[in-house]
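Worksheet: the structure to be examined is printed underneath.
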Amino acid sequence: MTSNFDILFRRLITSQTFIRGWGNPSHLQELCTSRRAKVAVRSECVKLVPPESVQENTIQITKREVKGDTQYIDAKFPSPLAIHFPHLV
Numbered sequence: 001m002t003s004n005f006d007i008l009f010r011r012l013i014t015s016q017t018f019i020r021g022w023g024n025p026s027h028l029q030e031l032c033t034s035r036r037a038k039v040a041v042r043s044e045c046v047k048l049v050p051p052e053s054v055q056e057n058t059i060q061i062t063k064r065e066v067k068g069d070t071q072y073i074d075a076k077f078p079s080p081l082a083i084h085f086p087h088l089v
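Encoded structure:
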């Protein structure tokens, strides 16, 4: 069992690191809560990216480059997070 001090300390470290790196700690909490509720549950996760939207959201290749035996590809695609969390992305 963790002590209250340990919980507070971990929350402070996570909050300060997140603020300096990405932004508001409440956004991190929202992402973690959503991950537990939707992504971790297979039936809910399948609903996040429906099969009919896969063709609409395909990868767009912007640049191809071949160097020797290696092929480099620059591409972009819309993130499903941008659809479900537009205020975070």
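For the sequence shown, the positions run 1 to 89 when the numbering used here is used.
Beta carbons are placed, not taken as given, at the ideal position from N, Cα and C, and that holds for glycine.
Here the structure is a predicted model, which means the values were calculated and not measured.
(1) Secondary structure at Ile61, three-state DSSP: helix, strand or coil?
(2) Can you name, in chain order, every residue of its own chain whose Cβ lies under 8 angstroms from the Cβ of Ala37, other than the five neighbours on each side?
(3) For a test of the three-state rule: what should DSSP assign to Asn75, helix, strand or coil?
(4) Measure the CB-CB distance between Ile73 and Ile61 and report whether it falls below 7 angstroms.
Concretely, from the data shown:
(1) strand
(2) Glu44
(3) Just to set this straight, residue 75 is Ala in the shown sequence, not Asn. Of the three classes helix, strand and coil, the one that applies to Ala75 here is strand, per DSSP.
(4) yes
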